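Report on the following structure.
Protein chains in written order, with the numbering used here: chain F, 5 to 331; chain Y, 5 to 331.
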């Protein structure tokens, strides 16, 4: 295991300390590092809280700030945050307008956020993300997994909450964005969870895992590594097939790196995916390319497509000021 | 070689097409992809042009936009751009205020930018960056190499040029920022240049290359992989030793990923480096953490430190709107 690390036990704490210090203008670390919150809270709006296992950085702490999340609860690497983390985050940032939890569909996250919602003394609702079209059941989840599309839900609902949208409407909007979003990932290498010390899975020199999960869960099939265009075609096909077959119109195309794939390859994949979408009567109206929802140092990427209308486009474009997304 | 690629010959072109399409609101690709330029030129200011071998993305094309570069010339991977690329970029974005070339100190880049400056029919000057304290002579360079500190030069001089600073003053400012900046890199793995197809160098499972260059050039020594704190200490020591030994005061701390190292490790290294600098009477007044000056998919990072005064801090903070840096 070749990593910049002092010890498995302190890795997350040290990284969070670094994150909070580097972005002290935007965020504050809560007591015992249970959550990352906005430095300047706004008690009059719906508070958006997300979280999940660490190892996916910048998701979620990198999306805390104006126009996106109010707080994020980092669990240990690939491990759910505990209910008390979520309850304390909600108490710290929630006001009369209530709290909306944005939760990726994994059994542990669901359970712990549900427990937190029961304990939390205030109005609360939940949006569950499940944008991964790869498989219907996976190692840590029943139903589809929540993956990179979660960023899109957090950005768009974050803008709406900032504009004063109420809790019910934010919840419905989150469900709508999730429903309009599809993702698929592919891995060229495994990642190594520090506590395990060895790669989560192994791939041959000419193999890739099509439909991989963001914790290295198995995908649809292990197949031969092919050209970037052929990889993109498999991915775009899977996504487009999953939309209603009359789907067309404006989309957001988000090519996400898993941590070990450099920008030169991500832009090449974006180029391939964009052309494939445009051949199928989609218009790429908005774009995001970068490593935003990672799996430690896994080499690979995911493609996410969100169907946009004028309302969602305006919310996507709206001001955001976080460590990882800013415009 | 596990990469998202169609062919070695088209990789750069496809990636540039993707970059230009994803960021069409900010940049335009010049004829024959010879350069990337701002979509909205400003002929009244000094035009900043950089470039170099590709494989270091987002450097330099990702820094084209308001408050930073006017154009960037991408060579093939780890290969200088040709003089005609630079001349055509200068002709496209240069006005009466002249053109400033920002060039990393490598023999090929120096030669080709010098030839371009001779051919270009207009006022031109050059800032050479050589912030890497690792070695005084390297595979592709005499004198110190220009590495991640180049970003800092481009950002600060970019802000000054945007404010109307003239060519002589911009040139002096670039030299000043370079002089106040020191960097050192470390590699945990090699990268693989697509045209070569095999790793540039090999490291044992418990080895790292301390002082590595951004093309995988040898550093100071190949040593055992130690704890992150110990790695950071070696790096910060080398940087601080190279400054005047009375150096103190405000600095920018920039922890840069080489492409294969995820954010969780970069923030951990930032945390370690920050504490070490603060023990030595530096105050970390500004921070940047992320993979901005990469070496394809190399795992590793560099630490850069820039001494800041009020003037440089204000220029660093000034508005920037590029694909990779935006505030």
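For every residue, glycine included, the Cβ atom is placed at its ideal position computed from N, Cα and C. Model, not experiment: these values are computed from the prediction.
- Proximity to residue 309 (chain F) across F:266, F:171, F:189 peaks at F:189, based on C-alpha coordinates.
- In this structure, the alpha-carbon of residue 250 (chain Y) lies about 22 Å from that of residue 134 (chain Y).
- In terms of Cβ geometry, residue 98 (chain Y) and residue 163 (chain Y) do not form a close pair [threshold 9 Å].
- Distances from the CA of residue 7 (chain F) to each of F:156, F:200, F:25, F:106 were compared; the closest alpha carbon is that of F:200.
- Straight through space, the alpha carbons of residue 244 (chain F) and residue 285 (chain F) are spaced by roughly 11 Å.
- Close partners of residue 260 (chain Y) in chain F (Cβ separation under 7 Å) are lacking, with about 13 Å as the shortest Cβ gap.
- Chain-order list of chain F residues neighbouring residue 305 (chain Y): 8, by C-beta distance under 8 Å.
- The C-alpha of residue 80 (chain F) lies about 12 Å from the C-alpha of residue 268 (chain Y).
- Legend: CB atoms of the stretch 273-289 of chain F lying less than 8 Å from CB atoms of chain Y belong to residues 273, 274, 275, 276, 278, 288.
- With contacts defined by Cβ atoms closer than 9 Å, residue 280 (chain F) and residue 225 (chain F) do not form a contacting pair.
- Under the three-state reduction of DSSP, residue 207 (chain F) is assigned to coil, being neither helix nor strand.
- Around the beta carbon of residue 35 (chain F), a 10 Å sphere encloses fewer than 16 other beta carbons of the protein chains shown; the residue is thus reported as exposed.
- Rounded to whole angstroms, the Cβ separation of residue 137 (chain Y) and residue 246 (chain Y) is 4 Å, and the two are in contact under 8 Å.
- The stretch 122-202 of chain F contains, as complete alpha helix (DSSP H) runs of 4+ residues, the segments 153-166, 171-183 (chain order).
- Close CB contacts of residue 161 (chain F) within its chain, under the 6 Å cut and outside five residues either way in sequence, are with 174, 177, 178 (chain order).
- Taking 9 Å as the CB threshold, residue 224 (chain Y) stays off the interface with chain F.
- With a threshold of 9 Å between beta carbons, residue 70 (chain F) makes no contact with chain Y.
- If you look at residue 91 (chain Y), you'll find it in the alpha helix (DSSP H) that goes 87-97.
- The stretch 227-235 of chain F and the stretch 18-33 of chain F do not touch, with fewer than three beta-carbon pairs separated by less than 8 Å.
- Within the stretch 280-320 of chain F, the complete beta strand (DSSP E) segments at least 3 residues long are 286-294, 304-311, listed from N- to C-terminus.
- The C-alpha of residue 9 (chain F) lies about 19 Å from the C-alpha of residue 215 (chain Y).
- Interface flag for residue 118 (chain Y) against chain F is unset, since no Cβ pair is found closer than 9 Å.
- In chain order, 8 make up the part of chain F whose C-beta sits under 9 Å from the C-beta of residue 235 (chain Y).
- Distance from the Cα of residue 294 (chain F) is smallest, within the candidate group Y:266, Y:45, Y:131, for Y:266.
- If you look at residue 260 (chain Y), you'll find it in the beta strand (DSSP E) that goes 253-261.
- Between the C-alpha atoms of residue 140 (chain Y) and residue 149 (chain Y) there is a straight-line separation of about 8 Å.
- Here residue 54 (chain Y) carries a strand assignment [DSSP, helix/strand/coil].
- Taking a Cβ-Cβ threshold of 9 Å, none of the residues of chain F is close to residue 160 (chain Y); the smallest such distance is about 19 Å.
- With a contact defined as Cβ atoms closer than 8 Å, residue 33 (chain F) and residue 52 (chain F) miss out at about 18 Å.
- In the three-state DSSP reduction, residue 76 (chain Y) falls in the strand class (E or B).
- Residue state for residue 5 (chain F) is assigned as coil, using DSSP reduced to three classes.
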